[in-house]
Amino acid sequence: MTSTLGQVGLIARRSARRTLRQPALIVPSIVFPLFLLAVNASGLSAATKIPGFPADSYLDFGITVCFMQGALFSSITAGTEIATDIGTGFLNRLQLTPLRRVAILVGQMTGATIVALLGAVTYLTVGVLAGVDVKSGIGGALVLVLYAVFTAVAFAGIGATLGARTGSAEAVQGVFPLMFTVFFLSSMNVPRNLIGVHWFRTVATWNPVSYLVEGMRSLVITGWDATALLRGLGVGVVILVLSFWAASRALATRMART
Amino acid sequence: MTNDQGILVEGLVRTFKGDITAVAGIDLEVTPGEIYGFLGPNGAGKSTTVHMLTTLLPPTAGRARVAGYDVATHGADVRRNVGAALQEAALDAFLTGREHMDLQAGLNGLSKSERARRGTALLDRVGLTDAADRKVGGYSGGMKRRLDLAMALVHGPSILFLDEPTTGLDPQSRSALWDEVQRLATDEGVTVFLTTQYLEEADVLADRVGIIDRGHIVAEGTPAVLKREIGGDTVEAVPADPHDTDRAAAVLARFGEPAAHSPKGVAVRTRHGAEQLADIVRALDDEGVAVGSLQVHSPSLDDVFLAKTGRSLEGAGEAEADPGEPIPA
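Heads up: the protein sequence lines correspond to chains D and Y, in order.
When we follow my numbering, the leftmost residue of the first sequence carries the number 25, and every step to the right adds one.
When we follow my numbering, the leftmost residue of the second sequence carries the number 42, and every step to the right adds one.
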């Protein structure tokens with residue numbers, strides 16, 4: 025029997041092939057965040073003049089939004105891929121082999137990870153070419169890419185849960201606007217201390233997305249800020265563990281084989 | 042329970058939420074090397090039975106042993122011994138045929154070199170060598186079914202489940218698939234459990250047939266025996282003038298029991314249709330009924346289904362909703 029690692033490898037290779045052969049899956053996840061960054065950087069540049077704004081350039085401040093949107097796209101990709109396999113019966117085909125559930129879940133994340141990695145490298149490259157100054161240097165840029173991919177995988181677990189639970193790619197995609205709203209109700213576009221509306225600041229403070237964003241952003245606008253980084257990574261780990269636990273449960277219900 | 046190589050089913054039941062009973066306590070036995078045709082209309086319980094026997098769905102009650110293993114308690118052992126091509130040819134449009142074979146073989150534990158060798162041989166056997174490196178999204182329905190069959194065979198199963206394998210295929214593709222299934226059973230001794238709603242398919246391929254309707258097996262035996270049980274041939278007359286239908290029916294009733302007929306005709310089942318044909322023509326002539334056409338045909342499995350259920354198999358499932366996605370009760 026193939027080892028669990030071998031099974032993960034087989035499923036991962038299939039997931040990678042599928043993803044790389046669907047440009048329509050990759051291109052929007054790269055173009056849309058960059059487009060939004062361009063719009064925000066030009067439209068919100070005046071925000072940097074607000075006393076207490078943590079960066080001189082909105083481009084430096086706003087590039088984190090791209091990484092978070094990339095995570096969102098990865099989440100949708102992971103959910104859609106699992107839902108498609110359920111809808112087409114491919115999951116039943118896999119169930120008829122000695123494949124372990126964990127191998128499906130981990131292997132299927134490969135596609136989402138590829139989308140996240142390609143996105144993160146592109147955002148950073150385009151950002152640097154456009155003038156983004158990564159205060160933590162080349163090492164920080166590398167950590168930023170890894171951090172972004174890690175965040176994307178954590179959110180991919182949420183997508184996988186939705187995909188396994190509903191079995192419908194449309195239902196997964198239907199959650200996109202809701203998750204987008206949750207992302208915006210964070211410190212993604214404005215620092216928390218500068219949010220004037222009380223309820224918004226409260227929501228942003230409770231919203232775990234804020235801490236992911238702030239950890240990521242610290243690498244660009246501050247340098248090496250251990251507190252922000254560890255707080256962000258901690259939140260990411262919690263999301264990762266909870267989302268993969270939920271996805272595993274949902275997949276177990278879906279895979280009712282004896 | 043015995044029969045350690047084939048399939049043995051006792052009182053198998055599957056219910057779904059909403060008090061829907063898809064399979065209502067069936068018993069059947071398939072001996073090694075046999076092709077067993079499981080015939081029934083849409084929603085009769087065929088696919089649910091296959092899902093239970095291939096371990097994809099736990100039975101609600103009853104027992105089933107496949108290749109000597111209980112499907113409820115030894116799922117992994119059952120899966121190691123069976124191959125299945127389920128109702129939907131579940132393939133990945135973005136992978137090639139060869140990549141499908143490699144994935145399936147790998148997940149079944151074959152070594153890398155064995156995967157390549159086995160994959161190439163099976164693709165060749167089902168006539169997909171030329172298309173092996175093309176993405177499956179561009180395959181025809183027949184090619185997808187053949188790839189599905191090749192994938193089901195990659196780990197050398199002793200029992201093969203085929204769930205409506207030829208639905209939607211053109212006659213040429215259907216015939217090619219029948220030949221391959223026949224060859225598997227004859228040359229390699231593979232036991233085949235084949236569900237179908239096509240009478241001809243069951244008639245041509247199956248050594249024995251089980252007819253399922255509304256979750257119950259209503260008849261079982263070889264096609265020849267089942268048809269013989271019905272008895273006699275069917276004589277069908279289509280009056281030249283539709284107004285003569287009732288008079289034609291009255292004449293034919295003298296020769297046998299009413300039988301299934303075409304919309305414009307009348308029919309009776311007689312013990313020796315061909316021999317009585319001359320008498321029937323004379324009787325119709327004596328009554329002044331002009332006949333547009335007159336046919337004698339031997340009993341079909343549809344006649345068996347009609348005799349057992351009071352309905353014709355053709356279109357019998359249309360009134361019955363398929364439970365669809367299984368929801369455990």
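Even for Gly, the Cβ is constructed at its ideal location relative to N, Cα and C.
Going by DSSP, which residues form a beta bridge with residue i?
i        : result
Y/Gln336 : Y/Glu277
Y/Arg310 : Y/Thr275 and Y/Glu298
Y/Lys176 : Y/Thr137
Y/Gly124 : Y/Leu201
Y/Ile76  : Y/Val233
Y/Ala260 : Y/Ile252
D/Ala79  : D/Ala79 pairs with nothing; no bridge assigned.
Y/Ile67  : Y/Leu53
Y/Thr62  : Y/Thr56
Taking only three categories from DSSP, how would you classify residue i?
i        : result
D/Phe204 : helix
D/Gly220 : coil
Y/Asp254 : strand
Y/Pro369 : Only weak support is given to the placement of Y/Pro369: the predicted model assigns it a pLDDT of 39, under 50, and the value that follows is read from those uncertain coordinates. Strand, per DSSP.
D/Ile74  : coil
D/Thr104 : helix
D/Thr26  : coil
Y/Glu205 : coil
D/Tyr147 : helix
Y/Glu328 : coil
Y/Glu129 : coil
Y/Gly168 : coil
Y/Arg104 : strand
Y/Gly52  : strand
Y/Val112 : coil
Y/Thr95  : coil
D/Thr282 : coil
D/Ser267 : helix
Y/Leu318 : helix
D/Tyr235 : helix
D/Met240 : helix
Pick out whichever of the options has its Cα sitting closest to the Cα of residue i.
i        : options                                   : result
Y/Leu235 : Y/Leu190, Y/Asp165, Y/Ala308 and Y/His302 : Y/Leu190
Y/Ala146 : D/Arg125, D/Arg117, D/Phe268 and D/Phe204 : D/Arg117
Y/Gly52  : Y/Gly66, Y/Gly59 and Y/Leu97              : Y/Gly66
D/Gly103 : D/Thr137, D/Thr205, D/Thr251 and D/Leu123 : D/Thr137
Y/Arg269 : Y/Phe296, Y/Asp68, Y/Leu148 and Y/Arg310  : Y/Arg310
D/Ser98  : D/Leu115, D/Pro57, D/Arg125 and D/Asp80   : D/Pro57
D/Val167 : D/Leu243, D/Val126, D/Asp109 and D/Ile128 : D/Leu243
D/Tyr147 : D/Leu115, D/Val199 and D/Gly94            : D/Gly94
Y/Arg106 : Y/Gly230, Y/Leu69 and Y/Val337            : Y/Leu69
D/Phe114 : D/Val261, D/Asn213 and D/Arg38            : D/Arg38
D/Val156 : D/Gly260, D/Ala62 and D/Leu254            : D/Ala62
D/Asn64  : D/Ala195, D/Tyr82, D/Thr72 and D/Leu153   : D/Tyr82
Y/Phe202 : Y/Gly78, Y/Pro299, Y/Ile252 and Y/Ala315  : Y/Gly78
D/Thr43  : D/Gly76, D/Ser66 and D/Glu105             : D/Glu105
D/Arg45  : D/Gly135, D/Val55 and D/Val32             : D/Gly135
D/Glu194 : D/Thr246, D/Pro75 and D/Thr101            : D/Thr101
Y/Gln128 : Y/Gly138, Y/Gly86, Y/Ala113 and Y/Thr275  : Y/Gly86
D/Ala36  : D/Gly76, D/Ala127 and D/Phe59             : D/Ala127
Y/Glu221 : Y/Ile76, Y/Lys58 and Y/Gln46              : Y/Ile76
Short of 7 Å in beta carbon distance, which residues of its chain neighbour residue i, apart from the five on each side in sequence? Order them along the chain.
i        : result
D/Ser234 : Ser210, Ser211, Arg216 and Ala228
Y/Met192 : His141, Met142 and Gln145
Y/Ala348 : Ile271
Y/Thr286 : Pro280 and Val307
D/Val237 : Thr88, Met92, Ser210, Ser211 and Met212
D/Ser185 : Correcting the residue identity first, residue 185 of chain D is Thr in this sequence and not Ser. Cβ neighbours of D/Thr185 beyond the five flanking positions: Ser267, Ala270, Ala271 and Ala274.
Y/Gly116 : Thr96
D/Ser53  : Gly94, Phe97, Val139 and Gly143
Y/His302 : Glu277 and Ala308
Y/Ala226 : Gly74, Ile76 and Val233
Keeping to the same chain, check which residues put their C-beta closer than 8 Å to that of residue i; ignore five residues upstream and five downstream.
i        : result
Y/Ala134 : Lys176, Val177 and Gly178
Y/Thr56  : Thr62, Ala63, Thr101 and Ala370
Y/Leu151 : Arg159, Val195 and His196
D/Thr72  : Ala79, Asp80, Ser81, Tyr82 and Phe85
Y/Val245 : Trp219
D/Gly191 : Ala107, Ile110, Gly111 and Arg278
Y/Arg186 : Ala126, Ala130, Pro206, Thr207, Leu210, Ser214 and Leu218
If you drop the 5 nearest sequence neighbours on each side, which residues of the same chain put their C-beta closer than 6 Å to that of residue i?
i        : result
D/Arg241 : Thr88
Y/Ile258 : Ile67 and Gly251
Hey, would you say the C-beta of residue i is under 6 Å away from at least one heavy atom of the ligand SAM?
i        : result
Y/Thr137 : Of ligands this structure carries none, so the ligand SAM is not represented either.
Practice prompt. Give, in chain order, every residue of the segment 123–137 of chain Y whose Cβ lies closer than 7 Å to some Cβ of chain D.
Written response: Answer in chain order: Ala125, Leu127, Glu129, Ala131, Asp133, Phe135 and Leu136.
Fill in: Near-chain D residues of the segment 258–272 of chain Y (beta-carbon distance less than 7 Å), N- to C-terminal order
If the cut-off is 7 Å between Cβ atoms, the segment 258–272 of chain Y has nothing near chain D.
Fill in: Within 7 Å of chain Y by C-beta, residues of the segment 183–213 of chain D in sequence order
None of the residues of the segment 183–213 of chain D has a beta carbon lying less than 7 Å from any beta carbon of chain Y.
Discussion item. What are the residues in the segment 142–165 of chain Y lying within 9 Å of chain D by C-beta distance?
Written reply: Within the segment 142–165 of chain Y, the residues whose Cβ lies closer than 9 Å to any Cβ of chain D are, in chain order, Asp143, Leu144, Gln145, Gly147, Leu148, Asn149, Gly150 and Leu151.
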